[in-house]
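Chemist: Here it is: the structure, laid out below.
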Amino acid sequence: VANPMTIARGVKFADLFIGAVQIKGEKSPHIITEEMVKTMKKGAVIVDVAIDQGGCVETSYPTTLSDPIFIKHNVIHYCVPNIPALVARTASYGLTNASIEYITSIADNGLGNALIGDVGFSKGVCTYKGTCSNEVIAETFNLEYRRIHIFSTN
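Everything in the sequence shown is counted per the working numbering, starting at 552 for the first residue and increasing by one.
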């Protein structure tokens, strides 16, 4: 089970740590602290995939494709946002395969009915009919919030 103690113990021995933490609509939590990074092996590598959402490693900050790495506490950090852009064709196939079910549902049922009929789909929508439908974002930006299912269908 991943908890701060087991993570701290594991990173001491890691040659590579790939951080991919995401909480929908929120900044990624730092699951690796700077103190944990200090305990890692010299030359170990951190790939912070969550850098798009603020990063899940306390020592991470966004880098660029032209200058993709930095070293902190003798640990190599790779923190380029939007890593899928590096493999655009493959990422496009993956995105298409992941979204085709939703696209088909919209085509068959209309957007409103597709959202109301699929709770998982509706949870992925942040705004609908001009109103914020994501509670975390609405709270963060002091916006009116309404759940999608209270809207009438198309």
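Using N, Cα and C, we set each Cβ at its ideal position, and we do this for glycine too.
Could you tell me the distance, in whole angstroms, from the CA atom of Phe564 to the CA atom of Thr590?
Modeler: Going from the Cα of Phe564 to the Cα of Thr590 covers about 9 angstroms.
Chemist: Span of the beta strand (DSSP E) holding Tyr696?
Modeler: Note, Tyr696: premise wrong, no beta strand (DSSP E); not H, not E.
Chemist: By Cβ distance below 6 angstroms, which residues in the same chain neighbour Ala665 in space, the five residues on each side in sequence not counted?
Modeler: The residues are Ser656, Ile657.
Chemist: Report buried or exposed for Asn705, applying the criterion of at least 16 other Cβ atoms within 10 angstroms of its Cβ.
Modeler: Low confidence applies here, because Asn705 scores a pLDDT of 46, under 50, leaving its location unreliable and the question unanswered by this model.
Chemist: Here's the rule: buried if 16 or more other CB atoms are within 10 angstroms of the residue's CB, otherwise exposed. What is Thr647?
Modeler: Classification for Thr647: exposed.
Chemist: Buried or exposed: which applies to Pro628, given that a residue is buried once 16 or more other Cβ atoms fall within 10 Å of its Cβ?
Modeler: It should be noted that the sequence gives His, not Pro, for residue 628. Counting Cβ neighbours within 10 Å, His628 comes out buried, since at least 16 surround it.
Chemist: Assign Lys680 to one of three DSSP states: helix, strand, or coil.
Modeler: Of the three classes helix, strand and coil, the one that applies to Lys680 here is coil, per DSSP.
Chemist: May I ask which residues mark the beginning and end of the alpha helix (DSSP H) holding Tyr644?
Modeler: Start and end: 639-660.
Chemist: Do the stretch 553-563 and the stretch 662-676 meet, that is, are 3 or more Cβ pairs less than 8 angstroms apart?
Modeler: These segments do not touch.
Chemist: Output the distance between the C-alpha atoms of Ala689 and Cys683, rounded to the nearest integer angstrom.
Modeler: Whole-angstrom Cα-Cα distance: 6 angstroms.
Chemist: Starting from Phe568, trace the beta strand (DSSP E) in both directions and tell me its first and last residue.
Modeler: It spans 567-570 - the beta strand (DSSP E) in which Phe568 sits, taken as one unbroken run.
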